[in-house]
Amino acid sequence: MTTDGRDVAIVADADELARRLAAFVVERARAAIARHGRFDLALAGGSKPKAAYAALAAPPLATAVEWSRVRFFFGDERCVGPDDDESNFKMARMRLFTPLRIAEGAVERMRGEAHPPSLAADAYALVLRGALERDARDTPVFDCVMLGMGPDGHTASLFPGTDPTSGDDALVRAPYVERLATHRITLTPRVINAARDVVIATAGGEKAAALADALGGYARPIDRPVLAVRPDPGRLTWLVDRDAAALLAAR
Ligand code: 6PG
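Per my numbering, the sequence shown runs over residues -7 to 243.
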């Protein structure tokens, strides 16, 4: 279904969500490689993408994409090293880069171990400026940004309590997240919304209230930062399971 310029697909469960997310990435990768010879992809962190990454690295999808033409980036990272179990990079390396034998040079890691974290944010902004095409606002353009959503409506590492749409024109930020008592590194809405495609995949009943707010427009970005994700002229696709969609009809 399409609502307010967004495609919303409701699938049965988290397993089907993983299959649909993997298929989405393959389809967008093939289109981007056909269009401009490569696919610049920002990966989501968290737990839900794990099964989708595993599906991409296994038959038949492992041979469905010319992976040597894909460049991997991250939407956000925890402030830990690359071998820490909390690291989004480590999760992707285990499930995607290693099984697909992705060359080290094709992966641009956010250096979560940097002190202060703002150094990593500034360095990553330079990486994006050097690696990606730019739009009319001189914003780096991803072919696809993958995102998840937390029960509080956070996405990437844009958490409630700070208006993600306010402030400077930064491409990458290193916010201190009160509720986690730690810094994070994250793409900003400016970069996310410049992408040709943004896909938000979320599952589980604990996400239902935030999803209803997000799709119903019942909140502000400071309360539900996922509301700041409004790619233009790019496309936004939601992939959600039935449990996460439970309150959509009620709103
Ligand atoms: C992270 C993610 C974060 C995640 C949501 C949903 O680094 O944790 O970027 O934004 O996408 O918290 O997480 P789940 O996929 O575990 O539901």
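By construction, the Cβ of each residue, glycine as well, lies at the ideal position given by its N, Cα and C atoms.
DSSP state of residue i, grouped into three classes?
i	result
D5	coil
R(-2)	strand
I214	coil
R222	coil
D114	helix
T55	helix
P156	coil
P132	strand
M86	helix
E78	coil
R188	coil
R165	strand
E96	helix
L139	strand
R12	helix
R103	coil
L150	strand
Excluding five sequence neighbours on each side, which residues of the same chain lie with their C-beta closer than 6 Å to the C-beta of residue i?
i	result
I214	D155
F65	A34 and E100
E198	P143
V57	V18 and A21
D235	G196 and G197
E69	N80, M102, G104 and I177
H175	C71, P109, A166 and Y168
R1	For the record, residue 1 in the displayed sequence is Ala; it is not Arg. If we look at A1 and ignore the five residues flanking it on each side, its Cβ neighbours are L231.
E96	none
Sorted by chain position, which residues of the same chain lie with C-beta nearer than 8 Å to residue i's C-beta, five sequence neighbours on each side aside?
i	result
D161	R182
G6	Going by the sequence as given, residue 6 is Ala instead of Gly. Closer than 8 Å at the Cβ level, and outside the excluded window around A6, lie K40, A43, A195, G196 and D233.
L139	A36, G67, T147, A148, I184, V190, V191, I192, A193, V218 and V221
A24	R30, F31, D32, D135, C136 and R188
A115	R103 and A106
A4	D233 and R234
Would you mind stating whether residue i and residue j have Cβ atoms separated by less than 8 Å?
i	j	result
L9	L231	yes
I177	A112	yes
D205	R216	yes
V169	F151	yes
L240	L203	yes
R46	R12	Residue identity differs from the one stated: residue 46 is Ala in this sequence, not Arg. Cβ distance not < 8 Å, so A46 and R12 don't count as in contact.
A238	A211	no
V62	A98	yes
P132	A186	yes
P91	K82	no
R(-2)	L228	yes
Sort out for me which residues DSSP pairs residue i with in a bridge.
i	result
P91	Looking at the DSSP assignment, P91 forms no beta bridge with any residue, so it has no partner.
F31	V62
E69	I177
T194	V232
D144	In DSSP, D144 forms no bridge with anything.
E125	V133
Any heavy atom of the ligand COA closer than 7 Å to the Cβ of residue i?
i	result
H175	No copy of the ligand COA occurs in the structure displayed; its ligands are the ligand 6PG alone.
Quick one: what's got a C-beta closer than 7 Å to residue i's C-beta in the same chain, skipping five residues either side?
i	result
G38	G140
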